[in-house]
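Throughout the sequence shown, residue numbering follows mature numbering (1 follows the signal peptide of the UniProt record, and there is no 0), covering -22 to -1, 1 to 576 in sequence.
Built from N, CA and C at the ideal position, the CB exists for glycine as well.
Everything numeric in this text was worked out from a predicted model, so none of it was measured.
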Amino acid sequence: MMKRLCCAFLTGFLFFSGYMEAQKSGRKFMIKEDIYEYCVLCNRGDTHTELISNKKSKEVDFHNSHVLFFEENYPEAQKLLISLLDPESNRAEAFFVNYMLGDIYKSSSLPAKSIDAFKSSLASGHPVSDSLKNRIILAIGHLQFKQKKLREALESYEMVENSPSVASDLSLQKALYNNKALLFLYDKKYTDAEAYHFKEIAIDKELKDTVSLAISYMNLGNLYYEQYLDDKAIPLFKKSLELAKTTDNLELKQNSFLNMAVVSEDARDYPNALFYRKNYERLKDSIYNRDKVWELAEQEKQFAISKKQDELDLQKADLKISRLQSNIFLGFAIVFLGLGFAAFMAYRYRIRKNRLIDTQRRELADLNKMKDRLFSIVAHDLRSPVYSMKEMNLRFENAFKLGDKSAMSNLIQSKKKITDDVYRLLDNLLHWALQQTKQLHFKKEKLHLRSIIRQIAFDFNEIAEQKGISIDIKIPGNLFVHADTNSLKIAIRNLLDNAIKFTPVNGWVKIKSTQFKEGDCRIIIEDSGMGIDSLALKQIREMKEGYRQQDTSGKTSTGIGLWLSRVMIEKNNGKLNIRSKKGMGTRVTIELSNSTNT
């Protein structure tokens, strides 16, 4: 049964990330102009996208709520929209407020609240187009399906299907047929599911949508595969793969190859399974490399622009010098005073130019030092895991030839851990380089501290459980801090990663926070780990060469994570203090200003 679940997961992923997001975008596009037309402030000529903070009224709250909603700042938009809920509101306002709340609840994974809000919007009596009404009902059906309320979801879908206007809306038909097919598949009504998949495929062909057609073939193949009709399923998976190959959608190709790898492995066709699996891994790497190439290309573009501007500045400077020299010769012929003045100006210019050259020379030296340090860390921290990955690949190949599934499973888990470690290292190096070159985006905002800490700790639960390490979080639920989200997460993630890495089996890590004076917050992360001696602490603070320390697994750390954490906290106008003794654990204290209790 496991093999059937694998393909079902892929289909579900493609469905939820594809069709429903498209329908959501369609609904937002349809309602945006209606909201702008209804908004009093937008009609007076105020911009649609700017918040108004110097006035307080119901009209201002409605305007700010839709600005925040379309910016996807859902927490702040939700507060304003809830304050606008009023039984005495007119029909248009009741429709728009409840619609936006429904969309926010849907994005926040609150299906029951989302359904109630969408139904309230439809019950407001405000006239809306059949197309928008059908899409709202389709969204309600989707939410009911997610709640496993199949009968109610089917009633919603059939309400849309029976609407006269649906016949002229192919994109709505496609989403509807896909939803009904998946509902019938979940309810094991395979004949009905098959019929709706055929309808969906017919629309894909009419729209000549290759990507969507490939997904539809994959969904239909999964339907047959669920029924163990492999003779029907596998050709559809192959057809889906062939269509995917003709597109530029790397994610679709990746999932198509993964599907074929799974079915080939289940059919004990191991050579083909290995072939498909290698293509899947290649595409996975390509997606990762593509994203990194785009990022590096943008950096190179900015560097080229900066370099070109420097060249233009130098040319202008050379031209200015040439003109100045000509003026000096002309002035010498006219008046000695003019010559003296020109010589004085030339001297001042040369002094400024020399100062500029000295400054640039120092900056270049700093950049070279940073580059050398970066290469040193990469050479030390990256070489070992990459070599380990190489060795594991050889061992995996031998285990595969011997059919040793237990060994292969263990090797996969080991490779996953090494990959996670390498990813965290590269992420730290990237942020370090961005910070050094002053390219790090930084935006302070009000953050709920306990939510941030729990999000970060969740990513480490599996590693901590493997070592038997308990993570105890004691953060007041009413504590907020004013900081940049990304940089604060980087700092705390590195500190928690170090605490777990350097804490032996069956140890503990504690995270707590307090307000130690008006408006200031103290976050404490302590562990029962190996500790750090005073010399190593000094090397970490000054980012000196030579710092090395082995964690509990024998891997060596260079301290870049702690250094980066300190930099990120200081950018938030905070302080980071480390107290530790060898063999007695470590206590890291973060102090942030402008925290609030609500």
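How many whole angstroms separate the CB atoms of residue i and residue j, which I take to be in contact at a CB cut-off of 8 Å?
{"i": "Leu425", "j": "Ala461", "result": "6 Å"}
{"i": "Leu154", "j": "Glu139", "result": "6 Å"}
{"i": "Ile447", "j": "Val400", "result": "The Cβ separation is near 22 Å, so there is no contact."}
{"i": "Gln122", "j": "Ile82", "result": "Incorrect: roughly 18 Å between the Cβ atoms, too far for contact."}
{"i": "Ile181", "j": "Gln151", "result": "6 Å"}
{"i": "Glu178", "j": "Asn156", "result": "5 Å"}
{"i": "Ala320", "j": "Leu302", "result": "7 Å"}
Please report how far the alpha carbon of residue i lies from the alpha carbon of residue j, in whole angstroms.
{"i": "Arg557", "j": "Val75", "result": "52 Å"}
{"i": "Leu466", "j": "Trp541", "result": "14 Å"}
{"i": "Gln293", "j": "Asp498", "result": "51 Å"}
{"i": "Ser149", "j": "Leu473", "result": "48 Å"}
{"i": "Phe40", "j": "Leu334", "result": "53 Å"}
{"i": "Leu389", "j": "Gln444", "result": "16 Å"}
{"i": "Cys(-17)", "j": "Asn371", "result": "Low confidence applies here, because Cys(-17) scores a pLDDT of 43, under 50, leaving its location unreliable and the question unanswered by this model."}
{"i": "Gln433", "j": "Tyr203", "result": "37 Å"}
{"i": "Leu160", "j": "Leu230", "result": "19 Å"}
{"i": "Asp94", "j": "Asn21", "result": "30 Å"}
{"i": "Ile430", "j": "Leu62", "result": "29 Å"}
{"i": "Gln493", "j": "Thr463", "result": "19 Å"}
{"i": "Glu243", "j": "Lys262", "result": "19 Å"}
{"i": "Leu554", "j": "Ile396", "result": "29 Å"}
{"i": "Leu342", "j": "Asn197", "result": "56 Å"}
{"i": "Ile299", "j": "Ile329", "result": "13 Å"}
{"i": "Ile568", "j": "His419", "result": "21 Å"}
{"i": "Leu570", "j": "Lys490", "result": "14 Å"}
{"i": "Ile115", "j": "Asn267", "result": "40 Å"}
{"i": "residue 584", "j": "Arg260", "result": "Lying outside -22 to 576, the shown extent of the chain, residue 584 is not represented and no answer is given."}
{"i": "Asp108", "j": "Ser143", "result": "7 Å"}
{"i": "Ile265", "j": "Leu214", "result": "25 Å"}
{"i": "Ser99", "j": "Met8", "result": "15 Å"}
{"i": "Phe314", "j": "Leu308", "result": "10 Å"}
{"i": "Glu(-2)", "j": "Lys84", "result": "Any reading at Glu(-2) is ruled out, since the residue's pLDDT is 46, under 50, leaving its predicted position unreliable."}
{"i": "His104", "j": "Lys285", "result": "58 Å"}
{"i": "Lys210", "j": "Ala245", "result": "14 Å"}
{"i": "Val241", "j": "Ile212", "result": "7 Å"}
{"i": "Met78", "j": "Ile60", "result": "10 Å"}
{"i": "Asp247", "j": "Lys217", "result": "18 Å"}
{"i": "Ile518", "j": "Lys422", "result": "27 Å"}
{"i": "Lys186", "j": "Asp437", "result": "41 Å"}
{"i": "Ser86", "j": "Phe458", "result": "20 Å"}
{"i": "Lys97", "j": "Met546", "result": "45 Å"}
{"i": "Ala311", "j": "Asn332", "result": "29 Å"}
{"i": "Glu54", "j": "Leu46", "result": "7 Å"}
{"i": "Leu274", "j": "Lys559", "result": "41 Å"}
If you measure between the beta carbons of residue i and residue j, is that distance less than 8 Å?
{"i": "Tyr168", "j": "Leu201", "result": "yes"}
{"i": "Leu58", "j": "Asn42", "result": "yes"}
{"i": "Gly563", "j": "Asp511", "result": "no"}
{"i": "Leu221", "j": "Ala192", "result": "yes"}
{"i": "Gly509", "j": "Gly561", "result": "yes"}
{"i": "Asp450", "j": "Gly539", "result": "no"}
{"i": "Asn227", "j": "Val271", "result": "no"}
{"i": "Met367", "j": "Phe378", "result": "no"}
{"i": "Leu128", "j": "Asp170", "result": "no"}
{"i": "Ala295", "j": "Ile306", "result": "no"}
{"i": "Ile502", "j": "Arg428", "result": "no"}
{"i": "Ser146", "j": "His175", "result": "no"}
{"i": "Ser102", "j": "Ala72", "result": "yes"}
{"i": "Thr481", "j": "Gly455", "result": "no"}
{"i": "Glu37", "j": "Val18", "result": "yes"}
{"i": "Ser134", "j": "Asn112", "result": "no"}
Are any of the Cβ atoms in chain D nearer than 8 Å to that of residue i?
{"i": "Asn551", "result": "Absent here is chain D; the protein component of the structure consists of one chain."}
Within the chosen definition, does the region 88 to 105 reach the region 24 to 35 through at least 3 CB pairs nearer than 8 Å? Fewer than three Cβ pairs drawn from the region 88 to 105 and the region 24 to 35 lie within less than 8 Å of each other, which leaves the two stretches out of contact.
The region 250 to 259 / the region 227 to 238 touching (three or more Cβ pairs under 8 Å): In short, these stretches touch, since the Cβ pair count reaches three.
So within the region 216 to 269, which uninterrupted beta strand (DSSP E) runs reach at least 3 residues, ignoring any that extend past its ends? Qualifying beta strand (DSSP E) stretches: none in this window.
Counting only runs of 3+ residues fully inside the region 418 to 462, write out the beta strand (DSSP E) ranges in chain order. Entirely contained in the region 418 to 462, the beta strand (DSSP E) runs reaching 3 residues are, in chain order, 422 to 426, 448 to 452, 457 to 462.
Ignoring anything shorter than 3 residues, give me the beta strand (DSSP E) runs that lie fully in the region 289 to 343, in order along the chain. Listed in chain order, there is nothing to give.
I'd like the ranges of any alpha helix (DSSP H) spanning at least 4 consecutive residues and lying wholly in the region 55 to 115. For the region 55 to 115, whole alpha helix (DSSP H) runs of length 4 or above, ordered along the chain, are 69 to 85, 89 to 101.
Uninterrupted beta strand (DSSP E) stretches inside the region 17 to 44 (no shorter than 3 residues): Counting only runs of 3 or more, we get nothing.
4 or more residues per run - each alpha helix (DSSP H) lying fully within the region 477 to 524: DSSP runs (the alpha helix (DSSP H)) wholly in the region 477 to 524: 512 to 520.
With a floor of 4 residues, list each alpha helix (DSSP H) that falls wholly inside the region 136 to 188, ordered by position along the chain. Complete alpha helix (DSSP H) runs here, min 4: 148 to 164, 168 to 185.
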